[in-house]
Every structure is written in structure tokens, then in C-alpha cells.
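Residue numbers (my numbering): 1045 to 1456.
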Ligand code: HEM
């Protein structure tokens, strides 16, 4: 018997609690998990059940929230809803508004720009021979890319990304004031962007939203803020955490790192490596749903109104689906991981973009930073929602920047 506490931030202090997940999958796959306030939720840990919940929004609603906490007082009639917390058919209409910007083709069109950004990010550190892999390398890419997509300056993307860190961190780690301040800053910035984009719309996602309509009603400032928050938030530290925790995993497995290095040198696709790192790391720990009717899951009765929480990191180590699930295998062929969700309507909108960002950054980091090695242990994010290192000091052999860097710097 393993002592189970998937709610406490402390359980994630040294990585995801895979011993707890393994025990739950074998012994209690839909576990009645107590909460400190006396309440409870159902912790779902098997791959098949995680997928079943994600694909049934009628029975497992994203309203009123996808966080374990809260939602009790939300008004169902509120017309300002974040897409992540909307159900079909409203969700379908919302998603249609932006999905054109995130198709495989749209993501591929950004590939050259993303490759340039990766080069520039590595150039910023390469002469020093040391840096923090999380803040200096992994964190830069997603904040720059989402800034580009939204049509805001790269530097602002970086600042907003720091606010999302505070928003995601547990309140006991950063304090309520810091979280509220981050929220206010994001709101003020979104308000300014809304006004600016309406006054002079450009060819970018923020303009599309600021001047857009949903159900015949113009998108107002509050709607825009919720879109903005979702995009900056969802696209930011997920990708950073994947690269940070993925590199840490590779440092523990020198043979896998060497394999990745030779693939980069040969210019081969890193596709299966990216998928395996997604499975291995699972940067989003959970999503919550709320049962809309009495039902059952894997034989466990669930009542209408119960909270149902799916654990992606657990599903991604389920031996019923993955051969040798506790082995990091960058050549794994079949890899139906659920790091981007269980395949339902909320399946990660940015999945194509994220894959391109991750591949570009890994190629630059592994390909150009010779002798890359950790200079200490990572500290992990104080969160039970998103998983990844807060910092990871590394060293490498100093080298010269690319000559093209000056041209890139001038562009943005
Ligand atoms: C490694 C990187 C990423 C991971 C692991 C990840 C993971 C996820 C997960 C688990 C969900 C919820 C799925 C569900 O409920 O079924 C989600 C939704 C979402 N993601 Fe990502 N994500 C990543 C990167 C991105 C990026 C780069 C963007 C945008 C630029 C993005 C935008 C979104 C949005 C907008 C949603 C909400 C979709 C909806 O409600 O329909 N994500 N993501």
C-alpha cells in the first residue's frame, strides 16, 4: 500500500508521483480522493478511463471549471466563458473562431520563424558556457511564439509569460498577492491590446479576436481577456516544462541523449523523440470535469455534480497501452499518449505548434551546446497542475554565436 496524496504540492516536489499512480492504476483506478476542505474528487488514473472522460463532454462537463478547486459559485448563465471551460455547442463555435490559426498547415508555415527564434535563443547563451536551461532556453521559445501569433512584441510575450508562472504556482508558494498582481497585469495588458488592435487591426490572432463576433455579438473586452489569458497561459509554460523536464530526463539517460544528438547531427526527424518526451513528462498533470448525471466509471458509481479529475501522467505510464511504460524510448513507434488530452473536443489547440517549437529547440540545444550537462539538480515547480522544473542550471563548452544573429536581432 502506497500512501496516496495527489492533491498536495509536496507530492510533486521530486517529480510526478509515479509510485502513487502505479498503485492506483492497479488497485483503485477511480479513487475517492479527499480534499483538505472535507470535500473529495474522483482521481482517474488508467489510460482508457482518462480517454473516456475526455471524449464525453455531455457526461463530463468542463463547466464550471477545469481546476480541482472552485467553481461552486460560478453562475451558469455567465456569458463570459473561457473556451477551455466551455462545453459544446458553445465550445464548438468558440473553437471554430480560432482553429484556422492552429491547423497543421498554419503551424508549418511558422516553422522557419520558429527555427530562427531557436537559433537566436541559443545565441543568447552560447558564449557564456552556462545558463539556466529553464528560464534562458526552454521558457523563451513559447513566450516568443505566442507573442508572434498574437501580434505583440516579443519582449511583452516574455513579461506575460512570467505572470503566467505566478498564476500557475500554488498559492502557498508565491502568495495570494503575487497571484492577484499577475492577474491584474495580464488584464491591464489585454485591455490595452484589445483597444490597440481594434483601432488598427493587423494580420494576427489578437486582431482577429478583438474585431471578431461570437453568436452575433462582438467580442468584448472581457471575452478578449479570457482568450488572451487562455492562449498565453496554455501556450507558455506547458512547452517550457516539456523541454526542461525532457532535457532532465535525457541527462539521466546518456544513451538516449547520445541517440538524440546523432539524430540532430544527421538532420533526421525528431518526431518519435518529441512524442516520447511528451509521454514521459506529461507537462499538464490533470484536467477536471464535473459529472452532469449519475453514472459509473470502471465500475465506480459517480453522482451528478461530482468532480472527476483525469491524470495524464498516470495514463501515459499505463502498461495496458504502453510496452515497458517506465522506459524512456525515443524510438517508440506506437505512442498514443494523452499529454495533449484524451482526444475529446478540448484536445490541445496548440499541439502542432508545440511539436514544432519543441523539435526546433531540442535541435538547437542538443546540436549546438557541446558538452551540455547539468550543473546541479532541478527545482520543481510548486504546483499540482502543471509539471516541470522551475530551474535547471547547465554548463557547456562556450562557442561563437551564429553570424546571422545580428540580422535576427534587428528584425524583432
Ligand atoms: C507541450 C506543450 C503542450 C501541452 C502538453 C499541452 C496540453 C494541453 C492539454 C492537456 C489541454 C487540455 C486537453 C483536454 O482537456 O482534453 C490543452 C488545451 C489547450 N491548449 Fe495546449 N498544450 C501544450 C501547448 C500548447 C500551445 C503551444 C498552445 C497555443 C499556442 C496551446 C493551446 C491550448 C488551448 C487554446 C487549449 C484549449 C483547447 C480547448 O479548450 O478547446 N497549448 N493543452
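Glycine included, C-beta positions come from ideal geometry on N, C-alpha and C.
Q | First and last residue of the uninterrupted beta strand (DSSP E) at residue 1227 | A | Per DSSP, residue 1227 lies in no beta strand (DSSP E); the unbroken alpha helix (DSSP H) holding it starts and ends at 1220-1243.
Q.
Measuring only the C-alpha atoms, how far is residue 1165 from residue 1180?
A. Spanning the two alpha carbons is a distance of roughly 8 Å.
Q. Which partner residues does residue 1175 have in the DSSP bridge list?
A. Bridge partners of residue 1175 according to DSSP: 1438.
Q) For residue 1358, which three-state DSSP category applies? A) Annotated three-state conformation of residue 1358 is helix, per DSSP.
**Q.** residue 1157 versus residue 1400 - alpha carbon distance
**A.** Roughly 11 Å between the two C-alpha positions.
(Q) Are the CB atoms of residue 1068 and residue 1326 within a distance shorter than 8 Å? (A) Taking the C-beta atoms as reference points, residue 1068 is found no nearer than 8 Å to residue 1326.
Q.
Is the separation between the beta-carbon of residue 1437 and that of residue 1283 shorter than 8 Å?
A. Between residue 1437 and residue 1283, the gap from beta carbon to beta carbon reaches 8 Å or more.
Q | Sufficient close CB pairs (3 or more, under 8 Å) joining the segment 1183-1201 to the segment 1279-1293 | A | Per the Cβ contact rule, the segment 1183-1201 is in contact with the segment 1279-1293 (3 or more Cβ pairs under 8 Å).
Q: Assign residue 1353 to one of three DSSP states: helix, strand, or coil.
A: Strand, per DSSP.
Q. Quick one, which of 1176, 1354, 1313, 1263 has its alpha-carbon nearest residue 1123's?
A. In this structure, 1263 is the residue among 1176, 1354, 1313, 1263 with its C-alpha nearest to the C-alpha of residue 1123.
Q. Do residue 1328 and ligand 1 come close, with the Cβ less than 7 Å from some heavy atom?
A. Residue 1328: yes, Cβ under 7 Å from ligand 1.
Q. Given a threshold of 16 other Cβ atoms within 10 Å of its Cβ, counted over all protein chains shown, does residue 1140 qualify as buried or as exposed?
A. Around the beta carbon of residue 1140, fewer than 16 other beta carbons lie within 10 angstroms, which makes this residue exposed.
**Q.** residue 1070, buried or exposed, once every other Cβ within 10 Å from all chains shown has been counted against 16
**A.** So residue 1070 counts as exposed.
Q | residue 1333 vs residue 1097 beta-carbon contact at 8 Å | A | Yes; because the gap between Cβ atoms is below 8 Å, this pair is in contact.
Q. Any chance the CB of residue 1177 is under 7 Å from a heavy atom of ligand 1?
A. Taking 7 Å as the cut-off, one finds no heavy atom of ligand 1 near enough to the beta carbon of residue 1177.
Q: Just mark residue 1368 as buried or exposed, buried being the case when its beta carbon has 16 or more other beta carbons within 10 Å.
A: By the beta-carbon neighbour count (other beta carbons within 10 angstroms, threshold 16), residue 1368 is exposed.
Q) Exposed or buried, what is residue 1427 when buried is set at 16 or more other beta-carbons lying within 10 Å of its beta-carbon? A) With 16 or more other CB atoms across the displayed protein chains lying within 10 angstroms of its CB, residue 1427 is buried.
Q: Out of 1197, 1057, 1059, 1075, point me to the one whose CA is closest to residue 1048's CA.
A: It is 1075 whose Cα lies nearest to the Cα of residue 1048.
(Q) Among the candidates 1433, 1229, 1443, 1316, whose CA atom is the shortest distance from the CA of residue 1058? (A) Out of 1433, 1229, 1443, 1316, 1433 has the C-alpha closest to the C-alpha of residue 1058.
**Q.** Enclosing beta strand (DSSP E) for residue 1335 [first to last residue]
**A.** Residue 1335: member of the beta strand (DSSP E) spanning 1330-1335, first to last residue.
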